[in-house]
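1 is the number of the first residue of the sequence shown in the UniProt record's numbering; add one for each residue after it.
We treat Cβ as the ideally placed atom computed from N, Cα and C, and that holds for glycine.
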Amino acid sequence: MLADPVKVAGLGGVQSYITALVRVKITLGMNVVYVVNVWLANIGEGLVVLLGMDFMYAAGVRLFMREGLVRLPDEEVVVMCSGPNRERVRLNFPVHPDQTLYLQPGEHAIVRVRYGQTNPQWDVVWAGRVIYATKSWAAAVKVVNISQSRLLLSTGTAVARIVEFGHFPQAGRFVRPGRQRYKEWQQVNYENTKSVERQRYERRLAELQESLRPPCVQAPEYQWPSKLLLRPAPGTVTARVACLQANPSGEGTKTLGMKATVGVGAQTTSTADA
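So, in structure tokens, the structure goes:
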């Protein structure tokens, strides 16, 4: 910002005041550097414009702010901010389940449509206000198992495709919403979709059948106890520990005083409760 505004005469003799000055540095390659001065001026009615778009010179470089171009002293034009020229990529992406789905005959699942960064359900404008789009955008896809066997849908299975108008995919079994074939598919989905009450009834019936099946392992039956079990009387229990190892020679046997016979090849101990 300038301390004192500079009074200048614009096009047609219109008086304006320059309130700020900015210096733009343009680097081309490694060593070619251009410095351009750009002035901010108020032309009245609360409008602030950039002076130096194509009629003010600094270091022989002209800026075209509206077109986003830089004109060098040798009349070469360079784009200020742009990428390589590429063909426009049209909207075309598949809709995949977030997780692997296992659907029984007649069951259905809802697969959400994730638009990613180009979600048309919302749009953040420059003022920070969120604007919600109309309800015509597809939000989810309903998948129904119309077969008589179990259906497996992996995360790599495309259940639908979101494409731009006029670029309908030719490969694959796809139909456009609103067509006669699409209405026929809707009729098949309605015929094979089970209601919530029907699913609840089948679940209870399956649980009942599971409870009536015989157990996989026969559990032993024990007699119901009718009296207390008594501890055995002392002196009636004898514990015998034997090491079953043959003594080929029978030599080196010694008899101990505690009713224990210890041998080189065999060992036998007998004890009795007193």
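Looking at Pro97 and Val143, is the spacing between their C-beta atoms short of 9 Å?
Position 143 of the sequence shown, counted from the first residue, corresponds to residue 143. Position 97 of the sequence shown, counted from the first residue, corresponds to residue 97. Yes, Cβ-Cβ distance for Val143 and Pro97 is below 9 Å.
Only counting runs of 3 or more residues, tell me where the beta strand (DSSP E) segments fall wholly within the region 136–188, in order along the chain.
140–144, 151–153, 160–163
Beta carbon of Val38 nearer than 9 Å to that of Val24
Walking along the sequence shown from the start, residue 38 turns up at place 38. Walking along the sequence shown from the start, residue 24 turns up at place 24. The answer is yes: Cβ separation under 9 Å.
With burial defined as no fewer than 16 other Cβ atoms inside 10 Å of the residue's Cβ, what is the status of Ser154: buried or exposed?
Within the sequence shown, residue 154 is the residue found at index 154, counting from 1. Answer is exposed; the Cβ neighbour count stays below 16.
For Tyr17, does the three-state DSSP call read helix, strand or coil?
Working through the sequence shown from its first residue, we reach residue 17 at position 17. Strand at Tyr17.
If distances are taken between C-alpha atoms only, which option among Gln15, Leu21, Ala138 comes closest to Ala3?
Translated into the one-based positions of the sequence shown, residue 3 becomes position 3. Selected option, being the one with the closest Cα: Leu21.
So which of Tyr102, Tyr182, Ile146 has the shortest CA-CA distance to Glu191?
The residue given as residue 191 occupies position 191 in the sequence shown. Among Tyr102, Tyr182, Ile146, the Cα nearest to that of Glu191 is on Ile146.
For Arg161 versus Pro105, is the C-beta spacing smaller than 9 Å?
In the sequence shown, counting from the first residue as 1, residue 161 sits at position 161. In the sequence shown, counting from the first residue as 1, residue 105 sits at position 105. For Arg161 and Pro105, no; Cβs fall outside 9 Å.
So the alpha helix (DSSP H) Arg200 belongs to, where does it begin and stop?
If you number the sequence shown from 1, residue 200 lands on position 200. It spans 196–212 - the alpha helix (DSSP H) in which Arg200 sits, taken as one unbroken run.
With DSSP collapsed to three states, give me the class of residue 297.
Only positions 1 to 274 of the chain appear in this structure, which leaves residue 297 out of reach.
Grab me the residues of Val175's own chain with a C-beta within less than 6 Å of its C-beta, minus the 5 sequence neighbours each way, in chain order.
Stepping through the sequence shown from its first residue, residue 175 is reached at position 175. For Val175, where only same-chain residues beyond five positions count, the Cβ hits under 6 Å are Arg181, Tyr182.
Beta-carbon separation (whole angstroms), Asn92 vs Val141, contact threshold 8 Å
Looking up residue 92 in the sequence shown gives position 92. Looking up residue 141 in the sequence shown gives position 141. Not really, about 16 Å apart at Cβ, beyond 8 Å.
Of the residues Ala139, Leu101, Tyr102, Gln99, which one's Cα is nearest the Cα of Val113?
For the purposes of this step, residue 113 is taken as residue 113 along the sequence shown, with counting starting at 1. For Val113, the nearest C-alpha among the options comes from Ala139.
Taking only the alpha-carbon atoms, compute the straight-line gap between residue 287 and Tyr201 and give it to the nearest angstrom.
Residue 287 lies beyond the residue range present for the chain, which begins at 1 and ends at 274; the question has no answer from this structure.
Should Val35 go down as buried or exposed, given a rule of 16 or more other Cβ atoms within 10 Å for buried?
Here residue 35 refers to the residue found at position 35 of the sequence shown. Exposed, by the Cβ-count rule.
Considering only residues of the same chain and omitting the five flanking positions on each side of residue 291, which have a CB-CB separation below 6 Å?
The chain is shown from 1 up to 274; residue 291 falls before or after that span and cannot be answered.
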